[in-house]
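Participant: This is the structure, below, for whatever I ask next.
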Amino acid sequence: MEGMAGQKSSLTWAVNIAAFLLVLLWTIPTLGLLVSSFRDRDQILTSGWWQSFSAQEATGFVRTGTGDDAVQQDGQYVIEGTVLSEGQSLIGWGTRAREPAAFQPGDTTEIEDGWQLTVAADGTYRLTSPTPFEMRRGERIFVTTGAPARLTTENYNRVLTAEGLGRAFMNTLTVTIPATVIPILIAAFAAYALAWMEFPGRAILTAAVVGLLVVPLQVALIPLLRLHNELGIGKGYLGIWLAHTGFGLPLAVYLLRNYMVGLPREVIESARVDGATEFQIFRKIILPLSFPALASFAIFQFLWVWNDLLVATVFLGNTREQLVMTGVLRELMGSKGGEWEILATSAFISIAVPLVVFFAMQKYLVRGLLAGSVKGG
Amino acid sequence: MELFWLAIGTIAVGVFGCVAWFWGSNWVLDRIYPPRGPHAGDNIRKANQIRPWLFLGPAILFLGVYLVYPIFDSLWRSVHDARGGRFVGTSNYTWLMADGKFRESFRNNMVWLLVVPALSTLFGLIAAQLTDRLRWGNIGKSLIFMPMAISFVGAGVIWKFIYEYRAPGESQIGLLNAIVQALGGEPQLWLTLIPWNNFFLMIVLVWIQTGFAMVILSAALRGIPEETIEAAILDGASPWQVFFKIKVPQIMGTIAVVWTTITIVVLKVFDIVFVMTNGQWGTQVLANLMYDWMFRGTPDYGRGSAIAIILMVLVTPIMIWNIVNARREVR
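Chains as they are written, first to last, in UniProt numbering: chain A, 1 to 377; chain B, 1 to 331.
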């Protein structure tokens, strides 16, 4: 029995560790972006984001003073000073460019004919010579320094004010909210009819909705763009709202119908017997009871519209004033490949809103997924 | 600010318009066939025949205009020339079949179709099983599920920080190359490494879709009756056997649903390729190729529509399968 127990606990350990590794693997990419968005360009370009929390190593050199700076002490000529600037720490030093860390802090070395050089851990150096210094320029001391990890919110200031992302943020919001609210209303009525009204063609319509769920929206781009142009809607917010409403409807109707079918029949029947009109039943009974399904779809549609690039590119246009955030990101990735700090920060801002929605409303999202998939199978 | 009011105005108009339509049309219907008076019964029957269509009207209109009509319009365009003027029969299709870029896209799409659903489902299953009994399992699930909320474009940026390349010996800023270099390997330009770059793009989608698979499969795993598992354990089955021989066979239906759902996503994959390689270096896929024909340079709506129709044909089997399943469930 002991062996069994031991096996069990080792299995538990293995499961814990495996699960932890899996979660880590899935989280690290996003974490990398988050950390990068707090680093300045030099940091991003010279070291990986995972090194942000350790000191940054850098090499360089400083020159000592010359003979003019020397003072006499105990019969020796001495030049003193420091190799470090504010905030740096000394990792190693040397006297040759190729070996900037040949000596440890505190070591002493002889440069030439009796010149002794010491660099202490606090960065102060001391160059001594038995004879007066005769040099026009100071000796070079090569140093390897560490700067403390430094994170900055400067990127966020810059991106939100100067880079036009604020505008894109508003554009995205303007696209997203109506495109989320309107399909819910239209779908709720349709779903109620499909779930609780008897009429010929109901089964076919329901099947059609299921079928339309998977239509690739690529098929719709050109026909709709031309239709919008002919109707005079052209490229603009109205067009994209209508398009997203159309594309979101199959899922909305399907989810809501599946949910409404499961509502208790007695409640609806007794309301009908009491003389309530269908409209009253819908408004006073169905709508409040269907809240979880409405919330599920709202989250789906919100995430989908917020994250969409294709529909926005086609129906909204690509001028600077019209770009949504995904469009801005795409431009940044293309043209300004070098501006990593702007790219990282913009990307994080654009995914922050969906992430907040996701974590706040996860329960409804999961419920919606289950209603849409498990039941559908 | 102007934009803000425009948005608010639209919501108000949209919501008010919907409510006005539903309420107004019902009111009119009740006026025409009042549910009281001498013909009350007859009127109610007549009204109930019309009412569903009032409720369904806007939805049918939208679905018809935004999804059904485009399918037929695309079909029509796909047998016409670039500007939609002249009937050209199947020549757009035969041209595509001979085109190198199209064959590359089609082949890539097929590989995507095999790899992404398989890996997402596999990882989803593993994640579901591993996290199910842990005390911190729900947090773990949330974190694995999280990429689902991230846009494909955002994911592209995130993975750029993983795939980035610096010359050998330099300090690597891409995580993958840093690991490779630390292990003594040679850093690679992952996104131009034909043909493996396709797999590096696929990993991004697997990363996004695994959470979805996990959530669905986890619910299915919980739905397995305890008795079957207990019986297997009593019979001396090892944890592996319980998982593969008892649990997995019982959730095969759900696995199929997850698989087909991800398949649909994969067929339409566009953004990831669009922002990460734009189809260069042998990574073209159908949706991006179609975008090229429709919106880049001189648009050719005929060929673009033909690609769209091919996409449509590819999803049709799944569409039919879904409908059959949904109907079986209704009965």
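We put the beta carbon where it would ideally sit given N, CA and C, even for glycine.
Remember, it's a predicted structure, so these values are computed and weren't measured experimentally.
Any beta carbon from chain B within less than 8 Å of residue 138 of chain A's own beta carbon?
Facilitator: no
Participant: If the criterion is Cβ atoms closer than 8 Å, does the pair residue 301 of chain A and residue 183 of chain A meet it?
Facilitator: yes
Participant: Any residues in the segment 48 to 66 of chain B with a beta carbon nearer than 8 Å to a beta carbon of chain A? Which ones, in chain order?
Facilitator: 48, 49, 51, 52, 53, 55, 56, 58, 59, 60, 62, 63, 65 and 66
Participant: Let me see if you follow: with CB-CB separation under 8 Å, is residue 124 of chain B close to chain A or not?
Facilitator: no
Participant: Below 6 Å CB to CB, which residues in the same chain sit around residue 33 of chain B once its five sequence neighbours on both sides are set aside?
Facilitator: Once the five neighbours on either side are set aside, the close Cβ partners of residue 33 of chain B are 43, 46 and 47.
Participant: Just list the residues that DSSP pairs residue 63 of chain A with in beta bridges.
Facilitator: Per DSSP, A/140.
Participant: Within 10 angstroms of the Cβ of residue 153 of chain A, are there 16 or more other Cβ atoms? Answer buried if so, exposed if not.
Facilitator: exposed
Participant: Determine, for residue 262 of chain B, whether the minimum Cβ-Cβ distance to residues of chain A falls below 8 Å.
Facilitator: no
Participant: In chain B, which residues lie with their C-beta within 9 Å of the C-beta of residue 273 of chain A?
Facilitator: By Cβ distance, chain B contributes nothing, its closest Cβ being about 13 Å from residue 273 of chain A, past 9 Å.
Participant: Can you tell me where the alpha helix (DSSP H) holding residue 117 of chain A begins and where it ends?
Facilitator: Residue 117 of chain A -> not in any alpha helix (DSSP H); beta strand (DSSP E) instead, spanning 116 to 119.
Participant: Return the residues of the segment 33 to 51 of chain A that lie within a Cβ-Cβ distance of less than 9 Å from chain B, sorted by chain order.
Facilitator: From the segment 33 to 51 of chain A, only 33, 36, 44, 45, 46, 47, 48, 49, 50 and 51 have a Cβ closer than 9 Å to chain B.
Participant: Say whether chain A places a C-beta atom closer than 8 Å to the C-beta of residue 268 of chain B.
Facilitator: yes
Participant: Which chain A residues are close to residue 326 of chain B, counting only those with a beta carbon under 8 Å from its beta carbon?
Facilitator: From the beta-carbon of residue 326 of chain B, the residues of chain A found nearer than 8 Å are 206, 207, 210 and 376.
Participant: For chain B, is any of its Cβ atoms less than 8 Å away from the one on residue 128 of chain A?
Facilitator: no
Participant: Run down chain A in chain order and give the residues with a C-beta less than 8 Å from the C-beta of residue 172 of chain B.
Facilitator: 48
Participant: So within the segment 262 to 307 of chain A, which uninterrupted alpha helix (DSSP H) runs reach at least 4 residues, ignoring any that extend past its ends?
Facilitator: 265 to 273, 278 to 281 and 291 to 307
Participant: From this set, B/137, B/50 and B/106, which residue's C-alpha is nearest residue 21 of chain A's C-alpha?
Facilitator: B/137
Participant: Answer yes or no: does any C-beta atom of chain B fall closer than 8 Å to that of residue 350 of chain A?
Facilitator: yes
Participant: Checking 8 Å against the spacing of the C-beta atoms, do residue 125 of chain A and residue 131 of chain A come in under that value?
Facilitator: no
Participant: Identify whether residue 49 of chain A lies in helix, strand or coil by the three-state DSSP scheme.
Facilitator: helix
Participant: When the Cα atoms are used, what is the spatial distance from residue 376 of chain A to residue 182 of chain B?
Facilitator: With a pLDDT of only 35 at residue 376 of chain A, under 50, the local geometry of the prediction cannot be trusted, and the value read off the model is given with reservation. So the two alpha carbons sit approximately 48 Å from each other.
Participant: Is any heavy atom in the ligand GDP found nearer than 7 Å to the beta carbon of residue 228 of chain B?
Facilitator: This structure does not include the ligand GDP; it has no bound ligands of any sort.
Participant: Sorted by chain position, which residues of the same chain lie with C-beta nearer than 6 Å to residue 179 of chain A's C-beta, five sequence neighbours on each side aside?
Facilitator: 241, 244 and 305
Participant: How about residue 251 of chain B and residue 217 of chain B: are their beta carbons less than 8 Å apart?
Facilitator: Yes, they are a contact pair.
Participant: In or out: residue 341 of chain A buried (at least 16 other Cβ within 10 Å) or exposed?
Facilitator: buried
Participant: Which residues of chain B have a Cβ atom closer than 7 Å to the Cβ of residue 278 of chain A, listed in chain order?
Facilitator: 51
Participant: Hey, is residue 322 of chain B's beta-carbon within less than 8 Å of any beta-carbon in chain A?
Facilitator: The Cβ of residue 322 of chain B sits closer than 8 Å to at least one Cβ of chain A.
Participant: Would you kindly work out how many angstroms separate the C-alpha atoms of residue 40 of chain B and residue 288 of chain A, rounded to a whole number?
Facilitator: 30 Å
Participant: Between the segment 2 to 35 of chain B and chain A, which residues of the former have a C-beta closer than 8 Å to a C-beta of the latter?
Facilitator: Listed in sequence order: 3, 4, 6, 7, 10, 11, 14, 15, 18, 19, 22, 23, 26, 30 and 35.
Participant: Beta-carbon of residue 244 of chain B versus every beta-carbon of chain A: anything under 8 Å?
Facilitator: By this cut-off, residue 244 of chain B is not an interface position.
Participant: Give me the chain A residues within the contact set of residue 77 of chain B, using Cβ-Cβ distance strictly less than 9 Å, ordered along the chain.
Facilitator: 222 and 223
Participant: Of the residues that make up the segment 323 to 335 of chain A, which ones have a beta carbon closer than 9 Å to any beta carbon in chain C?
Facilitator: No chain C is part of this structure, whose protein chains are labelled A and B.
Participant: For chain B, is any of its Cβ atoms less than 8 Å away from the one on residue 354 of chain A?
Facilitator: Yes, contact with chain B.
Participant: When you compare only the Cα positions, how much space is there between residue 90 of chain A and residue 98 of chain A?
Facilitator: The alpha-carbon atoms of residue 90 of chain A and residue 98 of chain A are separated by roughly 17 Å.
Participant: By the three-class DSSP mapping on this structure, what secondary structure does residue 87 of chain B have?
Facilitator: Residue state for residue 87 of chain B is assigned as strand, using DSSP reduced to three classes.
Participant: List the whole-angstrom C-beta distance separating residue 303 of chain A from residue 354 of chain A, where the pair is believed to meet the contact cut-off of C-beta under 8 Å.
Facilitator: 5 Å
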